[in-house]
Each structure stands twice: as C-alpha cells, then as structure tokens.
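Chains as they are written, first to last, in the working numbering: chain A, -13 to 329; chain B, 1250 to 1590.
Contents: one structure, followed by commentary.
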C-alpha cells in the first residue's frame, strides 16, 4: 500500500546547515503519528515540508507517491490541512469565520459555502466543543479556546492528511488529553493520516500509534521511528529527553530532577500505595534520592497511628503533620549535610 | 438573520450615497434654484446657461469624483490593511501618495522654471498630470520591490521609508520654490474633489471603475490572507501572485485618487474599520462591497462638509481629519474591549 504522505531521502535544515539527513518516513491512512523531540530539532521544519509550505534541503515529499513539487497548490490544499503555531488572534474575526475558512479550497471564486461545506463546519465546531461559539470574536477568547478554534478550522477542511504543530499549546490538561483523543479518533474512525508535533511527552506516548523521535544527540542526528513502548524500552526516549539535571523516567512518565543534595532517603513502603507514591515525590522534589535500602542515613515512614510522618536521621527524629513539613525539614537536613557541595 | 442585517446595511449605504449625491447637485456655494437644477440635468436649459455650467460642468463631476475617490480610497485601505495585517495601513502606506506629491511639486516648479523654453507638452501636464505620473512612477518602484521583498512586513517598511525619502525630496524642491508656488503646492495638499473637470473624471473614472471591479475576485484570497501568508498558502492561495495583484489594485486606486483630488486623508483608514465594525465581520465578501458604498458616502459627506463654512471653503482634508481622527481614536478606546482593532 502506498502511504498517503512520505519523505524520501529527505534532509531538513536552514540555509546550507542540515539538521537531519537521510529521512525516510511514511504515514498511512488511519494512522496517528506524534513528532517528538527537543526544541530546535527540526519538527516544525519537517511539518512545513510535509505540508508543502517549505522545502526540504534535498529529497522529496510524496503525496500518494507523487512528488509534492509536481502537485498544484490547489490540489495540495484539498488533501492536506495544517495547524500552525502562528497566532490567530485576528481583530474582529469570529470563530465561525475562521472555521468556515477551512472550506476555502472547496468553494467557488466568490467563496460561497454549499450546504455540504456548512455541515462540515458545524461538525468541526461540534467536535472541538465550540458549537454556539460562531459569533465569538477571536481576540476575546483565551489562548486555549482559540487553539481549539484553530484545530476546528483544520478539521473543517476534511483533508486526508492533518498536520499539526504543537496543537496542545495553551490548552489546559483536560483539553490536552481531549485534543489527542480527538486527533486519534479522526485518524482511526475517519481513516485520515494525522501527524502532530507535540511537547506533551507522556500524553503523546499514550495516544500515538507511532512516534517519530528526533534525536539531535546522535551523530549524525536522526529521526527514530517506532511504537511508543518500543522506543521507551530501547531507552531512546529517555536518552533524548534527559539532561544533566533532569532525567526522564520511562516507566512513570515523569521527569526526575537530578540537581540538589542527592542524599538517599529510605522510604517505608507501608500499606497505602498513594501515600507511598506521594512521599516518593516529596523526597525527590527537594533533591533526595528515594531508596528501599535500610542502610540509608535518613528514613521516612508513616507513624504507627497513621496520622503523622516520622522523619529520622543523623539530626534526630521528627514527627511531622504534612508532606509540606517533611519537605521543609528535609531541605534543612540536606543543607546541613552538604555545606561544601552546595556552595 | 445576520446576513439580512448585512444586506440591509449595504442597501442603506447605497441609498445614503444616492441621497448625498443628489444633495451635491442641489447645494453649493453659488445659488441655483431646485427647478433650474432639474432643468439643467434633464437638458432643458441651453448648454451655455449659468445653471447648466454650474450643475453639469462643476457640481456633477465633483460629485462623481467624490463618489469614486471615496470608494477607491476605502477599497484600497481594506486591501492594504488585509495585506499587511495592520489596522493603521491605508492607501498611502506604499508611498504612492508621496510619489504623486513629488510629481505635483515638480510640475508646479517645472512650469515656471522652463517657461522660458516654451511650454513643452510634458511640462504642461498640470497638477493632475504631475500627480498621475508621480503616482505611476512610485507604483512601479513599489511593485518592483514587491517582487523582491519576501514578506508583508518588509514591504510595509519599504513603502513607509520610500514615502519618507520622496517627501524629503519634495521638501528640497519646495525650498527652491517661490512663495506662490509653495502656496499652490500646499493648496493641492489640502485635497479637493472640486478641481477635477469632466475630462479628467471621465478618463480616470473609467480606470478606477475597472480597478474597483478587479478587487472583487480578490475577496476570496483576501479572506485567506487574514490568517497570514503561511495559512493562506496552505489553503491553496498563490500568495506571491495575490500579493502582487492586491498591491497593483490598491496602488492604482490610491494613485488615481490622488491624481483626481490630491492626498485625501483618513477616508482610506477609517472607512474600512467602519465597515467591519458595522457588519461585525472581517469577511471581504461582506466588507468590500460595503466599503465601496461606505467610502462613497463618507467622501460625499466630507465634500458637503467643506461647504459648511458658507463663502469660505473649508479644505477637504480638514474635514476628513476632523471626522476621521476622532473616529479612529474612538475605535481604539471603545473597540479595544471588543477587539476591533
């Protein structure tokens, strides 16, 4: 089967500086692909090249096996819709006007919308939870609401390919998850190919069918393609997203700070999983390293009565009422334990 | 519902324009009775009668010129504001008006300076001819620049800088001019719809109507351009070509207006905002036709305003500035909340 959209022997970059070489990528209908990677790795450049809005340094983008360069602008616009990072806070423009512009490639020279066009617009608005918002003016909306309108515009285009550059920016957590679910539904139920560049690592890894992971640390830098879990297992995600002070934990999907005292603190497992996990977070948040080794100098446990936290160490034993107090005490103890290193 | 209101809005402006047009014919500095106006219009008076002269040869071309110039300025402003995504853009941002003023300054100075060599036809163009030549020359410069400058913002800066440079040239020229020449230049700078006789209105008017008609097929791509050039390209718009076409139409409209009536201020900035506000829309399919009618209304109103001083004629730009500037300020103060600008 020919992929809807593919990159053949592509390289991307600016001017004569190439960021990534030898790109061979493919998206098939019904597939939701997430583009992950640090800032400046070339995600936006690749997306723009895929949309025909920018050129590859070399190589070809193929739409249904045909070079994008040989497709007319009009054809491409009926097949590919984009959501860019550009602001759409256009003075005086309403949500309805914005979303109706999604039908632009399909209307006559006057831009009149047919009933089919209008129903596509209504559907896109409903999917993005914006029904009844048609007359709201874009600059009046919050950034997140406007972002939903921008996605609705692209959905209204009803294209075979949907390319989105950081579509979840500005959205609250609920709407982030919601947007990813919508994008995957669009791919799965309507058979469209969806490619989104994202910074929400955890969400992306939970929803994507496949991941294109930009690895600028590799030499030469490359794009690793694989299922989310495979990339986690191979350590690729952890390698790309960890730095000297921050480590990405592939199992928890969280970032762990590597700065601070890094003093081991034993944490008693206890019976309550929630309490245990929160105490783990508290300790690593203030720069400690949670451990299950009893030889650690400090230890944190729930009191027998179950109403307080007991913190023990070289500086004595304390009974503390909340994890907030535990954190404060730990910081004091860490500072006292490492006077030289912290300077 | 909303569409109906918009359609009514357009009809309202068309009716208003027609009413003001008629008012232009009946009301002027010299008195002509209503009966004589009707008689002159219907051709029942001899062509050399005073009333015929005033109504047919003075008031009628003046009204036509106001109507056309208003529409042209308004459409030119809409196009420029959309192209540059800048609410303060207007017909004059590309330096076309400055170019016209340079042409005028040259023709004023040239007429005297070369008088001794006999009137060569080139120098006998008069103010209007100088304005047209200047506008056309600066237009070609801007169009040439538009082919090389990649984005709208760059072109905007180019236009504004070009305007500054040309204005500076005008200042240099004026410093050599005689007092009466300076006075003529300043008077031209006040703008007036009255200075254009039938010959010029007929000639330039036809081109203006063609340019106005050419703006109609630009409505759809202009809607896409509101989203910015990248989004427009993703919607299948040939951005380079449309940008070129928009600049062509807008600068022809601005140049011809300046040739007909001098540099008329504010109509080109204010009328587009007025239309968008009244229609609560940015859709060019609504705003552009409305802009044609509303621009005509505003220009006719302003022209009638110049006659309010009785026997002293208030300069056109005084009226447009006094109406336009407060309107824009009000838009920013009141419209800031409603995000109109």
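The beta-carbon is built from N, C-alpha and C at its ideal position, and this holds for glycine as well.
Could you check what DSSP says for residue i in three-state terms: helix, strand or coil?
| i | result |
| --- | --- |
| residue 286(A) | strand |
| residue 193(A) | helix |
| residue 346(A) | Residue 346(A) lies beyond the stretch modelled for chain A, which goes from -13 to 329, so this question has no answer here. |
| residue 1577(B) | helix |
| residue 1447(B) | helix |
| residue 210(A) | strand |
| residue 1285(B) | helix |
| residue 1583(B) | helix |
| residue 1556(B) | coil |
| residue 66(A) | strand |
| residue 164(A) | helix |
| residue 1356(B) | helix |
| residue 117(A) | coil |
| residue 240(A) | strand |
| residue 1569(B) | helix |
Per DSSP, residue i is paired with what?
| i | result |
| --- | --- |
| residue 276(A) | 251(A) |
| residue 151(A) | 183(A) |
| residue 298(A) | 285(A), 303(A) |
| residue -1(A) | 4(A) |
| residue 198(A) | 21(A), 211(A) |
| residue 1525(B) | None; residue 1525(B) has no bridge partner. |
| residue 49(A) | -9(A), 52(A) |
| residue 92(A) | Partner(s): none; residue 92(A) has no beta bridge. |
| residue 80(A) | 123(A) |
What number of angstroms, rounded off, separates the C-alpha of residue i from the C-alpha of residue j?
| i | j | result |
| --- | --- | --- |
| residue 1351(B) | residue 1411(B) | 12 Å |
| residue 306(A) | residue 285(A) | 13 Å |
| residue 2(A) | residue 45(A) | 14 Å |
| residue 243(A) | residue -2(A) | 33 Å |
| residue 1335(B) | residue 1404(B) | 12 Å |
| residue 95(A) | residue 1471(B) | 12 Å |
| residue 1431(B) | residue 1423(B) | 6 Å |
| residue 1576(B) | residue 1326(B) | 15 Å |
| residue 214(A) | residue 90(A) | 36 Å |
| residue 133(A) | residue 168(A) | 14 Å |
| residue 83(A) | residue 131(A) | 15 Å |
| residue 176(A) | residue 1486(B) | 26 Å |
| residue 1508(B) | residue 1551(B) | 18 Å |
| residue 1581(B) | residue 15(A) | 48 Å |
| residue 351(A) | residue 71(A) | One cannot answer for residue 351(A) here, as it falls past the ends of chain A, which runs -13 to 329. |
| residue 69(A) | residue 186(A) | 17 Å |
| residue 1540(B) | residue 62(A) | 33 Å |
| residue 1521(B) | residue 1527(B) | 10 Å |
| residue 1429(B) | residue 1382(B) | 23 Å |
| residue 1488(B) | residue 1480(B) | 10 Å |
| residue 1283(B) | residue 1460(B) | 35 Å |
What do you reckon, are the CB atoms on residue i and residue j nearer than 9 Å?
| i | j | result |
| --- | --- | --- |
| residue 189(A) | residue 163(A) | yes |
| residue 1510(B) | residue 1444(B) | yes |
| residue 40(A) | residue 34(A) | yes |
| residue 13(A) | residue 42(A) | no |
| residue -11(A) | residue 194(A) | no |
| residue 37(A) | residue 85(A) | no |
| residue 1402(B) | residue 1333(B) | yes |
| residue 1353(B) | residue 1437(B) | yes |
| residue 1452(B) | residue 1314(B) | no |
| residue 1493(B) | residue 1328(B) | no |
| residue 1544(B) | residue 1349(B) | no |
In chain A, what lies closer than 8 Å to residue i by C-beta?
| i | result |
| --- | --- |
| residue 1256(B) | Near residue 1256(B) there are no residues of chain A at all, since even the closest Cβ is about 14 Å away, more than 8 Å. |
| residue 1336(B) | 77 |
| residue 1525(B) | 78 |
Along chain B, in chain order, which residues have C-beta atoms closer than 8 Å to that of residue i?
| i | result |
| --- | --- |
| residue 59(A) | 1482, 1485, 1486, 1487 |
| residue 54(A) | Chain B residues near residue 54(A): none, gap ~12 Å exceeds 8 Å. |
| residue 37(A) | 1483 |
| residue 348(A) | Outside the shown range of chain A, which is -13 to 329, sits residue 348(A), and nothing can be said about it. |
List, in order along the chain, the chain B residues whose C-beta lies closer than 7 Å to that of residue i?
| i | result |
| --- | --- |
| residue 253(A) | Residues of chain B passing the Cβ test: none, with the nearest at roughly 51 Å. |
| residue 95(A) | 1466, 1469 |
| residue 63(A) | 1483, 1484, 1485 |
| residue 68(A) | 1483 |
| residue 91(A) | 1484, 1485 |
For a contact defined as C-beta to C-beta under 9 Å, what are the partners of residue i on chain B?
| i | result |
| --- | --- |
| residue 17(A) | Near residue 17(A) there are no residues of chain B at all, since even the closest Cβ is about 21 Å away, more than 9 Å. |
| residue 83(A) | 1472, 1475, 1530, 1531, 1532 |
Since residue i meets chain A, which of its residues come closer than 7 Å, beta carbon to beta carbon?
| i | result |
| --- | --- |
| residue 1475(B) | 76, 79 |
Below 9 Å on C-beta distance, what does residue i contact in chain E?
| i | result |
| --- | --- |
| residue 72(A) | Note that chain E does not occur in the displayed structure, where the protein chains are A and B. |
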